[in-house]
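Counting from 1, one number per residue, gives the positions in the sequence shown under UniProt numbering.
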Amino acid sequence: MTESLPDIATRGLDVIFCGINPGLSAAASGHHFVGHSNRFWRVLHLAGFTPHQLRAEEDRSILSYGYGLTTVAGRPTAGVADLSAMEIAADAEAFRQRIASYAPGYVAFLGKMAYAALSGTRDLAWGAQPGLLEGARVWVLPNPSGRNRAFSLNALVEAYRQLRDELHAADAPPDGHPQA
């Protein structure tokens with residue numbers, strides 16, 4: 001098993017999707033969101049980010065759509081309950097440096113835990129957050145883990161679609177007409 005899961009990112013992406021930390025099966029396989037119950041790839045497609053549903057083994061192809069993948073904390077665990085806020089805080093500076101070097105338009109945190117630890121804010125709403133993180137706009141999305149039963153597939157898709165709509169709105173010219 002790898003000690004961590006490498007980022008799939010490059011400079012200037014539209015969005016970097018940010019998990020809390022790698023799961024054990026993801027770290028063992030070397031691919032993001034590999035768990036059979038994880039809904040990330042399905043939700044990403046259904047929300048309109050990709051034209052078809054990618055498989056975890058195709059995770060590097062996400063770059064071709066203008067998106068990337070990373071985690072705040074590097075240590076793989078069986079679940080987020082095995083990760084402490086202190087571990088997230090210890091990895092925070094390296095994470096911030098990576099985001100600054102990638103310079104994405106958005107960082108989309110998958111779940112509130114990691115962004116709460118980074119921002120020092122406990123009371124977070126879903127969606128767009130005030131302020132920037134190393135120059136990137138911040139969005140908090142529900143965690144797509146199969147363990148997250150608080151969100152149905154449809155609720156996840158709707159939450160992710162809101163970010164996708166925001167991206168489309170940012171790409172549109174101010175008058176709403178295509179540029180010549």
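Each residue gets a CB set at the ideal place from its N, CA and C atoms; glycine is no exception.
| query | From which residue to which residue does the beta strand (DSSP E) around Arg55 run? | reply | Counted from its first residue, the sequence shown places residue 55 at position 55. Neither: Arg55 is in no beta strand (DSSP E) and is coded neither H nor E.
| request: With DSSP as the reference, label Ala103 as helix, strand or coil. | output: The residue given as residue 103 occupies position 103 in the sequence shown. DSSP places Ala103 in coil when its eight states are reduced to three.
| task | Between the Cα of Ser101 and those of Gly35, Leu5 and Leu13, spot the shortest distance and give me the residue it belongs to. | result | By one-based count along the sequence shown, residue 101 stands at place 101. The residue with the shortest Cα to Cα distance from Ser101 is Leu13.
| task | Keeping to the same chain, check which residues put their C-beta closer than 6 Å to that of Leu44; ignore five residues upstream and five downstream. | result | As a working note, residue 44 is residue 44 in the sequence shown. Annotation for Leu44: Thr50 place their beta carbon closer than 6 Å to its own, counting only its chain and skipping 5 residues before and after.
| Start-to-end residues for the alpha helix (DSSP H) that takes in Phe40 | Translated into positions along the sequence shown, residue 40 becomes position 40. Note, Phe40: alpha helix (DSSP H), Phe40 to Leu46.
| request: Compute the minimum distance between the beta carbon of Leu118 and the heavy atoms of the ligand COA, and state whether it is under 8 Å. | output: For the ligand COA, the structure offers nothing, since it holds no ligand at all.
| Just reading off the beta strand (DSSP E) that Leu133 is part of, what are its end residues? | Start at 1 with the first residue of the sequence shown, and residue 133 comes out as number 133. Taken as a continuous stretch (DSSP letters only), the beta strand (DSSP E) holding Leu133 covers Gly127 to Leu133.
| the segment 109 to 116 touching the segment 20 to 34, judged by at least three CB pairs closer than 8 Å | When C-beta atoms of the segment 109 to 116 are compared with those of the segment 20 to 34, three or more pairs fall below 8 Å, so the two segments count as touching.
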